[in-house]
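Asker: Under the UniProt record's numbering, the first residue of the sequence shown is numbered 1, with each subsequent residue one higher.
Positions of the beta carbon are idealized from the N, C-alpha and C atoms, including for glycine.
Attaching a single structure in structure tokens format; questions to follow.
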Amino acid sequence: MNVVIDEYLKTIYLEDSSSLFFDNGHIWTVNLQAPRLQNIIDHVKESRDLLDGKYFGKSPFVRKVKNSVLDAYRTDLKKKQEVRDEIDFDISNTSDVKDRLWFIMQESIKRGASDVHIEVLKSSTRLLCRVDGVRVQIGDEIPDPNYGRSIFSVIFLDVAIDKLSDFSEAATNAGRIEVPLLVKGKLRNTIWRASYMPAKDHGGKVSLRWLNKNDSIPELEDLGYTDGQLAQFYKFIRRSKGVFLLSGVTNSGKTTLISSLIKKSKEQYSGRSHHTLEDPPEFDLGVVQTHVQPHQKVAEDLDEYKDYGYYTKVLLRQDPDFISIGEIRDHNVAMETCRLGDTGQLVVATLHTSSAIGIGETLISQYKVEPAILATPDLMVIWATQTLVSTLCPHCKVSHNEVKEYYQSLNLESEYNRGMEIFSLNKVDEDLKDVYWKNPKGCSECNNGQKGLTSLLEMIVFDNDDLKYLSNQDYLGWHKSLISKGYKELKDHAILKIKYGMLDVNTAADRVPTLIPQESHSVYLKMLN
Numbered sequence: 001m002n003v004v005i006d007e008y009l010k011t012i013y014l015e016d017s018s019s020l021f022f023d024n025g026h027i028w029t030v031n032l033q034a035p036r037l038q039n040i041i042d043h044v045k046e047s048r049d050l051l052d053g054k055y056f057g058k059s060p061f062v063r064k065v066k067n068s069v070l071d072a073y074r075t076d077l078k079k080k081q082e083v084r085d086e087i088d089f090d091i092s093n094t095s096d097v098k099d100r101l102w103f104i105m106q107e108s109i110k111r112g113a114s115d116v117h118i119e120v121l122k123s124s125t126r127l128l129c130r131v132d133g134v135r136v137q138i139g140d141e142i143p144d145p146n147y148g149r150s151i152f153s154v155i156f157l158d159v160a161i162d163k164l165s166d167f168s169e170a171a172t173n174a175g176r177i178e179v180p181l182l183v184k185g186k187l188r189n190t191i192w193r194a195s196y197m198p199a200k201d202h203g204g205k206v207s208l209r210w211l212n213k214n215d216s217i218p219e220l221e222d223l224g225y226t227d228g229q230l231a232q233f234y235k236f237i238r239r240s241k242g243v244f245l246l247s248g249v250t251n252s253g254k255t256t257l258i259s260s261l262i263k264k265s266k267e268q269y270s271g272r273s274h275h276t277l278e279d280p281p282e283f284d285l286g287v288v289q290t291h292v293q294p295h296q297k298v299a300e301d302l303d304e305y306k307d308y309g310y311y312t313k314v315l316l317r318q319d320p321d322f323i324s325i326g327e328i329r330d331h332n333v334a335m336e337t338c339r340l341g342d343t344g345q346l347v348v349a350t351l352h353t354s355s356a357i358g359i360g361e362t363l364i365s366q367y368k369v370e371p372a373i374l375a376t377p378d379l380m381v382i383w384a385t386q387t388l389v390s391t392l393c394p395h396c397k398v399s400h401n402e403v404k405e406y407y408q409s410l411n412l413e414s415e416y417n418r419g420m421e422i423f424s425l426n427k428v429d430e431d432l433k434d435v436y437w438k439n440p441k442g443c444s445e446c447n448n449g450q451k452g453l454t455s456l457l458e459m460i461v462f463d464n465d466d467l468k469y470l471s472n473q474d475y476l477g478w479h480k481s482l483i484s485k486g487y488k489e490l491k492d493h494a495i496l497k498i499k500y501g502m503l504d505v506n507t508a509a510d511r512v513p514t515l516i517p518q519e520s521h522s523v524y525l526k527m528l529n
């Protein structure tokens, strides 16, 4: 009995090796709900060429077997699927390649992913998706780099819109994909941002970000903020002018927070003129949303592009009340943000820094904004930095009283000891009755013991003292002053949620490194140990 393979089945086996078709007309599978099982059944019934049409029009017998039973046949299958050395590949049948792409995206949606990564290495293709902030592999690594290359080509030759150019293996690219896919059992138009970057050995990577994963804008109160943080958001919304700068790494929930702020502003002030600049728009906010296209010229005969700098200048003539600027990327946008906030508009803008105080250093040192401009009275209202952390699965989380023994049974004493050290370093080694830990084995409801995300935030609410330190660029003095006034950093918000039983202490420390303070002398003493 031998595994049957043709070009179509080869692709199916690469994507999902849990089902195989044999020359006796039987299909063996380890899972009767395997994602590609029905494709194999249909192919056997409908192909006149497969085994000379021996099973054409017939329904193959499907048998469930143990994983170990198929292992020997999978080994034989890999030998038959020798990777070709030549780098040329045929994408003449683009419908098959698009089917692969839709399958990968659909599988990612089923897992609750926010991003899809397709990576082509020297001799293989890897498919991964990001679920609750963690990358998860989709199926086994595919021993064929052409599998991924053909998908790259179809994305930028046939599928993507608003792309920079047609596909070239050696050049970066970007675009947008819109495709109807099943989301929670219902067909929905999904929108994805596609980005390609080349790599060595004729490899490369495509990242797909699912822009409209949330079909509705969450309420501000549901994002994980404290009552005190929410109170400052409400005060900001009530203002008629001023700037709120929000920073954070990629995938830190900045767009979601801003969208929720705009939603709240619309509800409370229906007559306001809201306008957003985005690259590209993610939520449908029900306001005027302009798609910034920094690689597209305003006109062919002008050396000016439809970037944030261009549109922030145009906005001054649009009579807006509430403006959202997707990202401050250069001096011009930084200056226009300040100008808009000082001329009677409420402005929210984002940039990339790792702390709220770091916003000042970025604007002054990197974007060359004069400190005196930033320290203009009543201009800066809030500076905040945010990150997202995976929350504990409520179905399998482990109580603090049980965790020591449980982690010992899994040979995870070092993980337990690290967590206890974090508690000690942050003086949280008492009153741990409500603390829970991640179950590394996970359960049927989660991804390795965690499910969902929550926000951690640190927020500077400006007063005259803050403006003085900012004007003098005295960041160390400013930090000491803030701490003396009770300022709460990311680590403080993390500790609060750990004590509430929402976060695993080790996961939180991985996202917020300041939970593990290190003295440099102790680091160097251990360097050669």
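Taking buried to mean at least 16 other C-beta atoms within 10 Å of its own C-beta, is E267 buried or exposed?
Answerer: Taking the first residue of the sequence shown as position 1, residue 267 is located at position 267. Exposed, because fewer than 16 other Cβ atoms sit within 10 Å of the Cβ of E267.
Asker: So I422 and V505 are supposed to be a Cβ contact under 8 Å. How far apart are they, rounded?
Answerer: Start at 1 with the first residue of the sequence shown, and residue 422 comes out as number 422. Start at 1 with the first residue of the sequence shown, and residue 505 comes out as number 505. At roughly 5 Å, the Cβ-Cβ gap stays under 8 Å, so I422 and V505 are in contact.
Asker: Tell me whether the stretch 177-190 and the stretch 124-132 touch, counting them as touching only if at least three CB pairs, one residue from each stretch, are closer than 8 Å.
Answerer: no
Asker: What separation, rounded to the nearest whole angstrom, lies between the Cα atoms of G253 and L187?
Answerer: As a position in the sequence shown, residue 253 is number 253, starting the count at 1. As a position in the sequence shown, residue 187 is number 187, starting the count at 1. Roughly 26 Å separates the two Cα atoms.
Asker: Could you tell me the distance, in whole angstroms, from the CA atom of Y8 to the CA atom of I41?
Answerer: As a first step, residue 8 is located in the sequence shown; it is residue number 8 there, counting from the start. As a first step, residue 41 is located in the sequence shown; it is residue number 41 there, counting from the start. Roughly 12 Å between the two C-alpha positions.
Asker: Decide if D85 is buried, meaning its Cβ has at least 16 other Cβ atoms within 10 Å, or exposed.
Answerer: As a working note, residue 85 is residue 85 in the sequence shown. Any answer about D85 is weak, because its pLDDT of 34 lies below 50 and its placement is not dependable; what the coordinates show is given next. Exposed, by the Cβ-count rule.
Asker: Could you spell out the range, first to last residue, of the alpha helix (DSSP H) harbouring H479?
Answerer: Translated into the one-based positions of the sequence shown, residue 479 becomes position 479. Where H479 is concerned, the enclosing alpha helix (DSSP H) stretches over Y475 to S484.
Asker: Thinking I328 and A349 are a contact (beta carbons under 8 Å), I'd like their distance in whole angstroms, please.
Answerer: Taking the sequence shown and counting its residues from 1, the one referred to as residue 328 is at position 328. Taking the sequence shown and counting its residues from 1, the one referred to as residue 349 is at position 349. The distance from the Cβ of I328 to that of A349 is about 5 Å, consistent with a contact at the 8 Å cut-off.
Asker: Counting only the same chain and skipping the five closest in sequence on each side, list residues whose C-beta sits under 6 Å from that of T353.
Answerer: Taking the first residue of the sequence shown as position 1, residue 353 is located at position 353. For T353, where only same-chain residues beyond five positions count, the Cβ hits under 6 Å are S247, I359 and T362.
Asker: Less than 7 Å between the beta carbons of G449 and N439, yes or no?
Answerer: The count along the sequence shown starts at 1 and reaches residue 449 at position 449. The count along the sequence shown starts at 1 and reaches residue 439 at position 439. Contact flag set, yes.
Asker: Going by C-alpha distance, which of K110, F244 and N173 is nearest V183?
Answerer: The sequence position of residue 183 within the sequence shown is 183, counting from 1. It is K110 whose Cα lies nearest to the Cα of V183.
Asker: Give a yes or no on whether the C-beta atoms belonging to T343 and I325 are separated by under 7 Å.
Answerer: As a first step, residue 343 is located in the sequence shown; it is residue number 343 there, counting from the start. As a first step, residue 325 is located in the sequence shown; it is residue number 325 there, counting from the start. Cβ distance not < 7 Å, so T343 and I325 don't count as in contact.
Asker: Would you check if the stretch 22-40 and the stretch 52-65 touch, i.e. whether three or more CB-CB distances between them fall below 8 Å?
Answerer: yes
Asker: Quick check on the DSSP output: what are the complete beta strand (DSSP E) runs of length 3 or more inside the stretch 332-409, in order along the chain?
Answerer: 346-351 and 380-392
Asker: By DSSP's criteria, N189 is part of a beta bridge. Which residues make up the other side?
Answerer: In the sequence shown, residue 189 corresponds to position 189, counting from 1. According to DSSP, N189 bridges with P180.
Asker: Within 7 Å (strictly less), CB to CB, does K200 reach chain B?
Answerer: Of the protein chains in the structure, only one exists, and it is not chain B.
Asker: In terms of DSSP beta bridges, what is F322 paired with?
Answerer: Start at 1 with the first residue of the sequence shown, and residue 322 comes out as number 322. According to DSSP, F322 bridges with H274 and L346.
Asker: How would you call K263, buried or exposed, if buried means at least 16 neighbouring beta carbons within 10 angstroms?
Answerer: Numbered from 1 along the sequence shown, position 263 holds the residue referred to as residue 263. Under the 10 Å beta carbon count, K263 is surrounded by 16 or more other beta carbons and is classified as buried.
Asker: How would you write the range of the alpha helix (DSSP H) that Q296 sits in, first residue to last?
Answerer: Start at 1 with the first residue of the sequence shown, and residue 296 comes out as number 296. Not the alpha helix (DSSP H): Q296 falls in the beta strand (DSSP E), residues Q293 to K297.
Asker: Give me the Cβ distance between E458 and E489, rounded to the nearest whole Å; I'm assuming they're in contact under 8 Å.
Answerer: Along the sequence shown, read from residue 1 onward, the residue named residue 458 stands at position 458. Along the sequence shown, read from residue 1 onward, the residue named residue 489 stands at position 489. At roughly 5 Å, the Cβ-Cβ gap stays under 8 Å, so E458 and E489 are in contact.
Asker: Suppose the cutoff is 7 Å on Cβ atoms and the five residues either side in sequence are ignored; what does the same chain contact list for L379 look like?
Answerer: Residue 379 sits at position 379 when you count from the first residue of the sequence shown. For L379, where only same-chain residues beyond five positions count, the Cβ hits under 7 Å are G242, V243, C338, G341 and D342.
Asker: For Y305, which of helix, strand or coil comes out of DSSP?
Answerer: Here residue 305 refers to the residue found at position 305 when the sequence shown is read from its first residue. Strand, per DSSP.
Asker: The beta strand (DSSP E) with E458 in it runs from where to where?
Answerer: If you number the sequence shown from 1, residue 458 lands on position 458. Taken as a continuous stretch (DSSP letters only), the beta strand (DSSP E) holding E458 covers Q450 to V461.
Asker: Cutting at 7 Å between CB atoms, please list the residues of its own chain near M502, excluding the five before and the five after it.
Answerer: In the sequence shown, the residue the question calls residue 502 occupies position 502. Contacts found: T391, L392 and T454.
Asker: If you follow the beta strand (DSSP E) that L245 is in, where does it begin and where does it stop?
Answerer: As a first step, residue 245 is located in the sequence shown; it is residue number 245 there, counting from the start. Unbroken beta strand (DSSP E) run through L245: G242 to S247.
Asker: Apply the 10 Å Cβ neighbour rule to G486 and answer buried if 16 or more other Cβ atoms are within range, or exposed otherwise.
Answerer: Locating residue 486 in the sequence shown gives position 486, where the first residue counts as 1. So G486 counts as exposed.
Asker: Expressed to the nearest angstrom, what Euclidean distance is found between the alpha-carbon atoms of V428 and P371?
Answerer: As a first step, residue 428 is located in the sequence shown; it is residue number 428 there, counting from the start. As a first step, residue 371 is located in the sequence shown; it is residue number 371 there, counting from the start. Spanning the two alpha carbons is a distance of roughly 39 Å.
Asker: Straight-line CA distance for N173 to K45?
Answerer: Here residue 173 refers to the residue found at position 173 when the sequence shown is read from its first residue. Here residue 45 refers to the residue found at position 45 when the sequence shown is read from its first residue. When rounded, the distance between both Cα atoms is 40 Å.
Asker: Short of 6 Å in beta carbon distance, which residues of its chain neighbour S520, apart from the five on each side in sequence? Order them along the chain.
Answerer: Locating residue 520 in the sequence shown gives position 520, counting from the first residue. Taken in chain order, the list of residues that qualify is empty.
Asker: Please report the distance separating the alpha-carbon of N447 from that of G112.
Answerer: Position 447 of the sequence shown, counting from 1, holds the residue named residue 447. Position 112 of the sequence shown, counting from 1, holds the residue named residue 112. C-alpha separation (whole angstroms): 10 Å.
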